[in-house]
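Every position in the sequence shown, counted from 1, becomes a number in our numbering once 40 is added. Ideal Cβ positions, reconstructed from N, Cα and C, are used throughout, including at glycine. These numbers come from a predicted model, not from an experiment. Data first, discussion second: the structure below is written as structure tokens.
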Amino acid sequence: MTLKMNPEVFKYQSLAEADSFRLLLLQPSPSHDSDLQCHVLHATLSQCDRDIIDQYTALSYVWGDPSNTGSIYVDGSRVIITATLDAALRDLRDESRVIRIWADALCIDQSNLTERAAQVSLMDQIYSIAHHTVIHLGPLTPAAETILKAAPSNTSGVIHESHDIVKIAQENMLQAVWFTRVWVFQELVLSRDPWVQCGNLRARWADICNMLISPSWKQSSKELQVLADMNSSRGSTRLQFLTLLTSRRGLGATDARDMIYANMGIAFDLHSLLDYVQVDYRKTCEELYESVARYLMENIGPEGPTIFFPHAASNDQSKQKGLASWAPDWSLPASNLVEMYKDNNLRKLQLDSKAHYAFIGHPLTLAWVGYKIDVVESFSVELPNAEALDVGAREEYQKAMKTLMGMYLNVWWSGDDSGQHQHVDLRGKEEEHEKLCRVLGGEWLRIMGEELSASQIFSQEDLENQKKFEEGFRTWLEARAPQHIIMAGSGSEGMASLMYAYLQPRNIPSALTGRRLATTRNGRVAVVPRNVQMGDKIVHLAGPLISLVFRRDSRPREENLETDIKNALRAIDEDYKNQTDHRLDEMEKVDEMEVEYCTLVGECYVDGEVGWKLNQEWDLKIYALR
Numbered sequence: 041m042t043l044k045m046n047p048e049v050f051k052y053q054s055l056a057e058a059d060s061f062r063l064l065l066l067q068p069s070p071s072h073d074s075d076l077q078c079h080v081l082h083a084t085l086s087q088c089d090r091d092i093i094d095q096y097t098a099l100s101y102v103w104g105d106p107s108n109t110g111s112i113y114v115d116g117s118r119v120i121i122t123a124t125l126d127a128a129l130r131d132l133r134d135e136s137r138v139i140r141i142w143a144d145a146l147c148i149d150q151s152n153l154t155e156r157a158a159q160v161s162l163m164d165q166i167y168s169i170a171h172h173t174v175i176h177l178g179p180l181t182p183a184a185e186t187i188l189k190a191a192p193s194n195t196s197g198v199i200h201e202s203h204d205i206v207k208i209a210q211e212n213m214l215q216a217v218w219f220t221r222v223w224v225f226q227e228l229v230l231s232r233d234p235w236v237q238c239g240n241l242r243a244r245w246a247d248i249c250n251m252l253i254s255p256s257w258k259q260s261s262k263e264l265q266v267l268a269d270m271n272s273s274r275g276s277t278r279l280q281f282l283t284l285l286t287s288r289r290g291l292g293a294t295d296a297r298d299m300i301y302a303n304m305g306i307a308f309d310l311h312s313l314l315d316y317v318q319v320d321y322r323k324t325c326e327e328l329y330e331s332v333a334r335y336l337m338e339n340i341g342p343e344g345p346t347i348f349f350p351h352a353a354s355n356d357q358s359k360q361k362g363l364a365s366w367a368p369d370w371s372l373p374a375s376n377l378v379e380m381y382k383d384n385n386l387r388k389l390q391l392d393s394k395a396h397y398a399f400i401g402h403p404l405t406l407a408w409v410g411y412k413i414d415v416v417e418s419f420s421v422e423l424p425n426a427e428a429l430d431v432g433a434r435e436e437y438q439k440a441m442k443t444l445m446g447m448y449l450n451v452w453w454s455g456d457d458s459g460q461h462q463h464v465d466l467r468g469k470e471e472e473h474e475k476l477c478r479v480l481g482g483e484w485l486r487i488m489g490e491e492l493s494a495s496q497i498f499s500q501e502d503l504e505n506q507k508k509f510e511e512g513f514r515t516w517l518e519a520r521a522p523q524h525i526i527m528a529g530s531g532s533e534g535m536a537s538l539m540y541a542y543l544q545p546r547n548i549p550s551a552l553t554g555r556r557l558a559t560t561r562n563g564r565v566a567v568v569p570r571n572v573q574m575g576d577k578i579v580h581l582a583g584p585l586i587s588l589v590f591r592r593d594s595r596p597r598e599e600n601l602e603t604d605i606k607n608a609l610r611a612i613d614e615d616y617k618n619q620t621d622h623r624l625d626e627m628e629k630v631d632e633m634e635v636e637y638c639t640l641v642g643e644c645y646v647d648g649e650v651g652w653k654l655n656q657e658w659d660l661k662i663y664a665l666r
């Protein structure tokens, strides 16, 4: 939002020093309803840090609806501000004394993108140097008054205890929009002495937390857990940038770029982050998110991509139309998908991702060496949380499962270079085992057929896809029944393990929930993202432990992009030639590899598939991703 100011009447003066900022000298008034008046003071953070007399208070508040406005006279000029800022300043205004206030909407020239970026970069110092921070939550309601007056530090001077204070807080004050905004976390964490204010009554943040937060790690409600998490971050060591992003993603921000900028100042890895990202409001959101993605990809360790790719799982809902498919949209909430299943096979190459990919061009293209595993032939409807399927009522299935578990009591282990595996001796019980496996398969066919199809309204295309999937799924289940596969318990692996866990009565979170099952061109079954399409390729990239689903990208591209991609990968290979244990020898022949242009759809697991097995040949390609 940009404040409405008449440039002929009010004009910001340039800030002279690198640490210059503005303060409001809020003029006193005995009347709450009289016009707000202030003067603008230019100061520097270094001066304020040394000043023991004229200290300032930082204001933390929610900008609110831009169409709901108030006003303030700044150096005699009337300025339109949001109603929330108007209310906060009125509640802070003293009857007889001038107060020094820092409020972002007025103290930063929001129309000057260069200044705005510079001031946002100083926000950590602005809040940490402020003598106090006032968190203004809104008007003084009866519930807010009950909570604040129970705090020893409340400004009324009278303490009133309440036995229902926790319940009142979680149903009222902790529902305030302030707790859902992205900027407030930095403002709180960096503040030396935060106070919570409603109307003209306030109390120290620490007192509020002491009253409401349980000593146990787990709180009794979502609202209390948010409060506890915010409070535990105060005074602690700074968190990694990725941790901050994942914990705060999807929170309210008027400008989606602030999902990044609001977390930079409190990240312990800020120094390395600044090599990739600087606060710059001239950059588009897409450019910013892609720069962040590049930083995370290159700086979060050897398993970076394995940790990184799940964060893009919500991108099918993204409103950032030009955003690369591999760059997470941090303005969206997390997908809350359970981590994708990984096999425990050790007999495979341990490849370093960084030796096999490069970022090229503008807009950024991510080029990565890998090979195709399979192609999606058909897919099911999206699998719901298993709670919706009334798992406990499936008597025949549960009885068969119990009998199978009895058969698997006498298992034995074998271990080799590929990992550890359980085996079971079914001699004399082969027919019974096959019959029980068919019971399990029949239950899954009912679920994937009539039950899910009838559970909600699907398009004709979805139903046709589902019908085709059921045919391939039935063939796969029938082929598995005679095999001596451990179908239940901790000894099960692959799809058997995933299907067993999904229909457990204990309702354990499952990697199948929120995803689809698919059949592949080679007759296998896979777990795929919800936005999969027929013909999507399943690929293993060099390094990541998880296979990925890609979709061909036929959009126009830069004329020399393929040449640039191969040049970049050749340059990367020069840096990694000595790391032969973690690099593909074929990287020396990168000029001979075909370049295939794709977009990332999401993570995948193909039953029985182990990527990069030793003593195996691959048809390597360069996958150029946007």
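Report the option in the options whose CA atom is closest to the CA atom of residue i.
{"i": "Ala143", "options": "Gly642, Leu99, Glu155", "result": "Leu99"}
{"i": "Val630", "options": "Asn108, His82, Thr124, Tyr397", "result": "Tyr397"}
{"i": "Phe419", "options": "Val479, Phe349, Leu503", "result": "Leu503"}
{"i": "Gly534", "options": "Arg546, Pro545, Asn547, Arg520", "result": "Arg520"}
{"i": "Ala608", "options": "Val409, Arg591, Glu436, Ala566", "result": "Val409"}
{"i": "His351", "options": "Ser287, Ser594, Leu230, Leu423", "result": "Ser287"}
{"i": "Ile12", "options": "Ser231, Gln53, Gln237", "result": "Coverage of the chain is limited to positions 41 through 666, which leaves residue 12 absent and any answer about it impossible."}
{"i": "Pro569", "options": "Gly563, Asn562, Lys577", "result": "Lys577"}
{"i": "Leu404", "options": "Arg666, Pro106, Lys475, Thr124", "result": "Arg666"}
{"i": "Asn3", "options": "Gly648, Ile400, Phe590", "result": "Any question about residue 3 goes unanswered here, given that the chain covers just 41 to 666."}
{"i": "Trp658", "options": "Leu188, Thr443, Asp414", "result": "Asp414"}
{"i": "Lys475", "options": "Tyr437, Phe225, Ser168", "result": "Tyr437"}
{"i": "Ala157", "options": "Ala428, Arg133, Tyr381, Ala302", "result": "Ala302"}
{"i": "Cys477", "options": "Met445, Val378, Lys51, Ile166", "result": "Met445"}
{"i": "Tyr645", "options": "Thr515, Ala558, Leu132", "result": "Ala558"}
{"i": "Gly197", "options": "Met163, Asn240, Ala209", "result": "Asn240"}
Taking all protein chains shown into account, decide if residue i is buried (16 or more other Cβ within 10 angstroms of its Cβ) or exposed.
{"i": "Pro255", "result": "exposed"}
{"i": "Gly305", "result": "buried"}
{"i": "Pro179", "result": "exposed"}
{"i": "His82", "result": "exposed"}
{"i": "Gly583", "result": "buried"}
{"i": "Trp452", "result": "exposed"}
{"i": "Gln656", "result": "exposed"}
{"i": "Ala551", "result": "buried"}
{"i": "Asp369", "result": "buried"}
{"i": "Leu129", "result": "buried"}
{"i": "Glu263", "result": "buried"}
Leaving aside the five residues before and after residue i along the sequence, list all residues of the same chain whose C-beta is less than 6 angstroms from its C-beta, in chain order.
{"i": "Tyr540", "result": "Ala528, Ser532"}
{"i": "Cys325", "result": "Ala296, Arg297, Gln360"}
{"i": "Pro342", "result": "Any reading at Pro342 must be qualified, since the residue scores a pLDDT of 48, below 50, and its modelled position is unreliable; the value itself is stated next. Contacts found: none."}
Roughly how many whole angstroms lie between the Cα atoms of residue i and residue j?
{"i": "Met627", "j": "Ser537", "result": "36 angstroms"}
{"i": "Asp94", "j": "Arg140", "result": "8 angstroms"}
{"i": "Ser358", "j": "Ala374", "result": "12 angstroms"}
{"i": "Ala243", "j": "Lys394", "result": "51 angstroms"}
{"i": "Asp356", "j": "Ala364", "result": "11 angstroms"}
{"i": "Phe308", "j": "Leu66", "result": "35 angstroms"}
{"i": "Lys51", "j": "Pro106", "result": "21 angstroms"}
{"i": "Leu517", "j": "Gly481", "result": "6 angstroms"}
{"i": "Arg289", "j": "Gln165", "result": "23 angstroms"}
{"i": "Met380", "j": "Lys653", "result": "20 angstroms"}
{"i": "Cys78", "j": "Lys323", "result": "33 angstroms"}
Starting from residue i and walking both ways along the beta strand (DSSP E), at which residues does that stretch end?
{"i": "Ala83", "result": "76-84"}
{"i": "Leu99", "result": "97-100"}
{"i": "Gly410", "result": "405-419"}
{"i": "Thr553", "result": "Taken as a continuous stretch (DSSP letters only), Thr553 belongs to no beta strand (DSSP E), as it is neither H nor E."}
{"i": "Gln67", "result": "Taken as a continuous stretch (DSSP letters only), Gln67 belongs to no beta strand (DSSP E), as it is neither H nor E."}
{"i": "Thr173", "result": "172-178"}
{"i": "Val119", "result": "117-122"}
{"i": "Thr109", "result": "109-114"}
{"i": "Glu634", "result": "634-646"}
Just to confirm my understanding: we take residue i, look at its own chain, exclude 5 residues before and 5 after, and list those with CB closer than 8 angstroms. What are they?
{"i": "Arg221", "result": "Val102, Leu291, Gly292, Ala293"}
{"i": "Phe349", "result": "Trp366, Pro584, Ile586, Leu588, Leu640, Gly642, Glu643"}
{"i": "Met299", "result": "Val222, Leu285, Arg288, Arg289, Leu291, Ala293, Trp370, Ser371"}
Could you give the first and the last residue of the continuous alpha helix (DSSP H) run that contains residue i?
{"i": "Tyr437", "result": "435-447"}
{"i": "Leu480", "result": "470-486"}
{"i": "Arg520", "result": "500-520"}
{"i": "His311", "result": "310-313"}
Would you say residue i faces chain D, with C-beta separation under 9 angstroms as the test?
{"i": "Trp245", "result": "Absent from the structure is chain D; it holds one protein chain and no more."}
Output needed for residue i: all residues of its chain with C-beta closer than 7 angstroms, excluding positions within five of it in sequence on either side, in chain order.
{"i": "Val229", "result": "Ser273, Arg274, Ile306"}
{"i": "Pro522", "result": "Glu474"}
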